[in-house]
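With UniProt numbering applied, the sequence shown closes on residue 562, and no number is skipped along the way. No residue lacks a Cβ here, since even glycine has one placed at the ideal position from N, Cα and C. All values derive from a computational prediction rather than experimental measurement.
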Amino acid sequence: MSASRIGQMLPSRSVSVLNRGNVWFFGGGAQYAAGYLVSGVRSMLIPSQLSPFFPQSIALSGVSERRRGLAQEKMTENGVFSRDKVLTIDTMNPTVKNVEYAVRGPIVQRAMQIEKELREGVKKPFTEVIKANIGDAHAMGQQPITFFRQVLALCSYPELLNENMFPEDAKNRARRILQACGGGSVGAYSASQGIDCVRQDVARYIERRDGGVPCDPDNVYLTTGASDGIVTMLKLLVCGEGASRTGVMISIPQYPLYSAALAELGAVQVNYYLNEEKCWSMDLSELERSLAEARKHCNPKALCIINPGNPTGQVQSRQCIEDVIRFAAKERLFLMADEVYQDNVYAEGCQFHSFKKVLFELGPEYSDNVELASFHSTSKCYMGECGFRGGYMEVINMDPEVQAQLSKLVSVRLCPPVPGQALMDLVVNSPQPGEPSHTTFMKERTATLSLLAEKAKLTEQILNTVPGITCNPVQGAMYSFPNISLPEKSIKEAKALGQAPDMFYCMKLLEETGICLVPGSGFGQKDGTYHFRMTILPPTDKLKILLAKVKEFHQKFTQQYS
1 MSASRIGQML PSRSVSVLNR GNVWFFGGGA QYAAGYLVSG VRSMLIPSQL SPFFPQSIAL
61 SGVSERRRGL AQEKMTENGV FSRDKVLTID TMNPTVKNVE YAVRGPIVQR AMQIEKELRE
121 GVKKPFTEVI KANIGDAHAM GQQPITFFRQ VLALCSYPEL LNENMFPEDA KNRARRILQA
181 CGGGSVGAYS ASQGIDCVRQ DVARYIERRD GGVPCDPDNV YLTTGASDGI VTMLKLLVCG
241 EGASRTGVMI SIPQYPLYSA ALAELGAVQV NYYLNEEKCW SMDLSELERS LAEARKHCNP
301 KALCIINPGN PTGQVQSRQC IEDVIRFAAK ERLFLMADEV YQDNVYAEGC QFHSFKKVLF
361 ELGPEYSDNV ELASFHSTSK CYMGECGFRG GYMEVINMDP EVQAQLSKLV SVRLCPPVPG
421 QALMDLVVNS PQPGEPSHTT FMKERTATLS LLAEKAKLTE QILNTVPGIT CNPVQGAMYS
481 FPNISLPEKS IKEAKALGQA PDMFYCMKLL EETGICLVPG SGFGQKDGTY HFRMTILPPT
541 DKLKILLAKV KEFHQKFTQQ YS
């Protein structure tokens, strides 16, 4: 029996329990006698005052602690007792062990080690690591929008409202946000669903975006980035066991948030493949195939779409979105539309269409019945404010009883970060014509998106000059997902090392050039095909260096393993 376990049984806070070798001592005043446990013989001298707290089955038990399910104590070399860990790899939540997140996986961990080695003077065939593994815009050099940072500064330090260095529209936005915060401070909790005036502004933004389709602020939930909203919705959806376990349809290639969340929740991942030959478009026949196959072993309830696409950079056509909505209605699937890249559309002839807008344009047969959750974020588009963790989700046609449960669920995490809510408000309520900050805001916004469009085109053009690499047009978002041909010899060597062939390729690329990309196997891909994902975010000069190094490496790699 451990000291802590015995101590918990004693009635007085003043009682102390000490373990010296194999002897236990109890102290706590003259009214308590000593107890002892010698050489594994479990007996105690218990006064009448303590007898209620030491039943005979405990005081005199000779049953081992291991058999009674208690952690065992072990003597270390220096004579100190230690206990087995309560939480071990065998006793932890098994679903967590199934979670994988490629964009921060082994490649990135090795890249960080290499950066440390370079700082310590270790010689490499390169002088820096260029990370193109994650859509972290500001880390890649993208500049923040001035107006956003001005208002956030004013909200964080309201004394600045007395200064003349900020434009009046920035001050007015800050005052409005602060007035909606408890105690006039962004350091106070907000309502769990989010600050009311921010949700109203999000609703008005959605109405403008969607050509007047109504939006009820009560259906808007502010979130900790879009990821928080996505995981929250999946929590509501997942239930059942065995053949009735919830299945969730996700695109392959996919953003690893989805597979990771489904693994953690113990849901069934149902893959449907995007059509690489048609610029990663969605294929209705593939959705039908995937659903029919899944219904043999689970209960598919939701269909997730990322548009514009991550990692594939496609922008789905309006016709495609109509087909998906009709399919969801026919098959009674809950739609989840990840639309965080809605401002990142570059290719001629491409346009972002929100799922909600198309849903309502299809008429009441669909708009009154199809259940939809859509997501947006401050982390992407022209903002790139990943660290503030701002976002929202809107729910359409949700059962009122379920929505009450959703409100309860979000209340458990108290509220999203209030500075992130403030930033989301600025995104949906940006400077208007005639306001002092409008000209600068539009100039910065346009410049950021134009530069991304140039880099999207540059990436596609250069990668397509490399024999063995084929890159679809980067129509939107922040990534390219080129197909790479790998020699059979390299595939065999990778498998002998227990690695996916494109992981083997990307790891060698990192070690030899300092370029950090993510293998396509981390996102999912058709068997026998290999890819990598790279962001288009690095500054143009670095992006050109990156692409030149990839080109040179691929040619060398192909020659080496041919």
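Give me, in chain order, the residues of the same chain whose beta-carbon lies closer than 7 Å to that of Tyr273; leave out the 5 immediate sequence neighbours on both sides.
Here residue 273 is taken as the residue at index 273 of the sequence shown, counted from 1. So the qualifying residues of the chain are Ile252, Glu286, Lys526.
Taking all protein chains shown into account, decide if Cys239 is buried (16 or more other Cβ within 10 angstroms of its Cβ) or exposed.
Residue numbering aside, residue 239 sits at position 239 when the sequence shown is read from its first letter. Cys239 is exposed by the Cβ-count criterion.
Just to check my reading of the structure: Thr223 and Tyr392 have Cβ atoms closer than 8 Å, yes? What is that Cβ distance to the nearest angstrom?
Here residue 223 is taken as the residue at index 223 of the sequence shown, counted from 1. Here residue 392 is taken as the residue at index 392 of the sequence shown, counted from 1. That belief holds up - the Cβ atoms of Thr223 and Tyr392 are roughly 6 Å apart, short of 8 Å.
Which residues in the same chain as Asp218 place their Cβ atom closer than 7 Å to its Cβ, once the five residues preceding and following it in sequence are excluded?
In the sequence shown, the residue the question calls residue 218 occupies position 218. For Asp218, there are no CB contacts under 7 Å within the same chain when 5 residues up- and downstream are skipped.
Secondary structure of Ala132, DSSP reduced to three states
Working through the sequence shown from its first residue, we reach residue 132 at position 132. Residue state, collapsed to three classes: coil.
Measure the alpha-carbon distance for Lys124 versus Lys116 and round it to whole angstroms.
Working through the sequence shown from its first residue, we reach residue 124 at position 124. Working through the sequence shown from its first residue, we reach residue 116 at position 116. Lys116 has its alpha-carbon roughly 12 Å from the corresponding atom of Lys124.
DSSP three-state assignment for Gly211, whether helix, strand or coil:
Position 211 of the sequence shown, counted from the start, is the residue given in the question as residue 211. Of the three classes helix, strand and coil, the one that applies to Gly211 here is coil, per DSSP.
Taking the alpha carbon of Ile114 as the point to measure from, which residue in Gly524, Glu511, Asp541, Leu303 has its own alpha carbon closest?
Counting from 1 along the sequence shown, the entry for residue 114 is found at position 114. For the residues Gly524, Glu511, Asp541, Leu303, the minimum Cα distance to Ile114 belongs to Glu511.
Give a yes or no on whether the C-beta atoms belonging to Pro144 and Glu385 are separated by under 8 Å.
As a position in the sequence shown, residue 144 is number 144, starting the count at 1. As a position in the sequence shown, residue 385 is number 385, starting the count at 1. Cβ atoms of Pro144 and Glu385: closer than 8 Å.
What are the start and end residues of the beta strand (DSSP E) that includes Ile230?
The residue you call residue 230 lines up with position 230 of the sequence shown. Bounds of any beta strand (DSSP E) do not take in Ile230; it lies within the alpha helix (DSSP H) bounded by 225-237.
So Leu543 is in the beta strand (DSSP E); what residue range does that whole segment cover?
Here the question's residue 543 lines up with position 543 in the sequence shown. Counting along the chain, Leu543 sits inside no beta strand (DSSP E); it lies in the alpha helix (DSSP H) bounded by residues 540-561.
Is it true that the CB of Ile325 sits closer than 8 Å to the CB of Phe355?
Locating residue 355 in the sequence shown gives position 355, counting from the first residue. Locating residue 325 in the sequence shown gives position 325, counting from the first residue. Yes; because the gap between Cβ atoms is below 8 Å, this pair is in contact.
Expressed to the nearest angstrom, what Euclidean distance is found between the alpha-carbon atoms of Ala153 and Leu160?
Counting from one through the sequence shown, the residue named residue 153 turns up at place 153. Counting from one through the sequence shown, the residue named residue 160 turns up at place 160. Approximately 8 Å, taken between the alpha carbons.
Take the Cβ of Asn162 as the centre, count every other Cβ of all protein chains shown within 10 Å, and call the residue buried at 16 or more, exposed below.
If you number the sequence shown from 1, residue 162 lands on position 162. Counting other Cβ atoms within 10 Å of its Cβ, Asn162 stays below 16 and is therefore classed as exposed.
Measuring only the C-alpha atoms, how far is Met507 from Leu517?
Within the sequence shown, the letter at position 507 stands for residue 507. Within the sequence shown, the letter at position 517 stands for residue 517. Roughly 9 Å between the two C-alpha positions.
For a test of the three-state rule: what should DSSP assign to Val403, helix, strand or coil?
Residue 403 sits at position 403 when you count from the first residue of the sequence shown. Checking the sequence shown, residue 403 turns out to be Gln, not Val. Assignment of Gln403 by DSSP, reduced to helix, strand and coil, places it in the helix class.
Tell me which residue opens and which closes the alpha helix (DSSP H) that Met393 is part of.
Position 393 of the sequence shown, counted from the start, is the residue given in the question as residue 393. No alpha helix (DSSP H) holds Met393; the beta strand (DSSP E) holding it covers 391-396.
Three or more beta-carbon pairs under 8 Å between the region 361-373 and the region 313-332, yes or no?
Between the region 361-373 and the region 313-332 there are three or more inter-stretch CB-CB distances shorter than 8 Å, so the stretches are counted as touching.
Three or more C-beta pairs below 8 Å linking the region 86-97 and the region 467-486:
Per the Cβ contact rule, the region 86-97 is not in contact with the region 467-486 (fewer than 3 Cβ pairs under 8 Å).
Starting from Gly141, follow its DSSP beta bridges and name the residues at the other end.
Residue mapping note: residue 141 aligns to position 141 of the sequence shown, counting from 1. Partner(s): none; Gly141 has no beta bridge.
Take the Cβ of Tyr479 as the centre, count every other Cβ of all protein chains shown within 10 Å, and call the residue buried at 16 or more, exposed below.
Along the sequence shown, read from residue 1 onward, the residue named residue 479 stands at position 479. Counting Cβ neighbours within 10 Å, Tyr479 comes out buried, since at least 16 surround it.
Given Ser377, which residues of its chain have a CB within under 6 Å of its CB, disregarding the five upstream and five downstream residues?
By one-based count along the sequence shown, residue 377 stands at place 377. The beta carbon of Ser377 lies closer than 6 Å to those of Gly225, Ala226, Val340, Gly391 in the same chain, with the five residues before and after it left out.
Classification of Pro256 by the beta-carbon crowding that lies within 10 angstroms, buried from 16 upward:
Position 256 of the sequence shown, counted from the start, is the residue given in the question as residue 256. The residue is buried, with at least 16 neighbouring Cβ atoms inside 10 Å.
Pair within 8 Å by beta-carbon distance, Arg173 and Leu335:
Here residue 173 corresponds to residue number 173 of the sequence shown, with the count starting at 1. Here residue 335 corresponds to residue number 335 of the sequence shown, with the count starting at 1. Their beta carbons are not under 8 Å apart, which means Arg173 does not touch Leu335 by this criterion.
Sorted by chain position, which residues of the same chain lie with C-beta nearer than 7 Å to residue 564's C-beta, five sequence neighbours on each side aside?
One cannot answer for residue 564 here, as it falls past the ends of the chain, which runs 1 to 562.
Three-state class that DSSP yields for His376 in the structure shown:
For the purposes of this step, residue 376 is taken as residue 376 along the sequence shown, with counting starting at 1. Note: His376 maps to strand in three-state DSSP.
Going by Cα to Cα distance, which pick from Gly211, Leu234, Val198, Leu543 is closest to Val220?
Taking the sequence shown and counting its residues from 1, one reaches residue 220 at position 220. Comparing Cα positions, the closest option is Val198.
Using the rule of at least 16 other Cβ atoms within 10 Å of the residue's Cβ for burial, across every protein chain shown, is Thr127 buried or exposed?
Counting from 1 along the sequence shown, the entry for residue 127 is found at position 127. When all chains shown are included, Thr127 counts as exposed.
Between His138 and the rest of its own chain, which residues show a CB-CB distance below 6 Å, the 5 nearest in sequence each way excluded?
The residue you call residue 138 lines up with position 138 of the sequence shown. Excluding residues within five positions, the ones whose Cβ falls inside 6 Å are Gly384.
For Arg533, which residues from the same chain have a beta carbon less than 6 Å from its beta carbon, with the 5 sequence-adjacent residues on both sides left out?
Start at 1 with the first residue of the sequence shown, and residue 533 comes out as number 533. Closer than 6 Å at the Cβ level, and outside the excluded window around Arg533, lie Pro311, Tyr479, Phe481, Val518.
For Pro467, the nearest candidate out of Val550, Lys542, Arg289 (CA to CA):
Taking the sequence shown and counting its residues from 1, the one referred to as residue 467 is at position 467. Closest by alpha carbon: Val550.
What separation, rounded to the nearest whole angstrom, lies between the Cα atoms of residue 569 and Asp210?
This structure leaves residue 569 out entirely; the chain is present only between 1 and 562.
Under 8 Å, Cβ to Cβ, is there at least one residue of chain D near Gln113?
Although the question refers to chain D, the structure presented lacks it and comprises just one protein chain.
For Ile195 and Leu414, the rounded distance between their alpha carbons
Indexing the sequence shown from 1 puts residue 414 at position 414. Indexing the sequence shown from 1 puts residue 195 at position 195. Straight through space, the alpha carbons of Ile195 and Leu414 are spaced by roughly 12 Å.
In terms of DSSP beta bridges, what is Gln269 paired with?
On the sequence shown, position 269 is the one that residue 269 refers to. Under DSSP, Gln269 forms a beta bridge with Val248.
Locate the alpha helix (DSSP H) running through Thr440, then write down its first and last residues.
If you number the sequence shown from 1, residue 440 lands on position 440. First-last of the alpha helix (DSSP H) with Thr440: 438-463.
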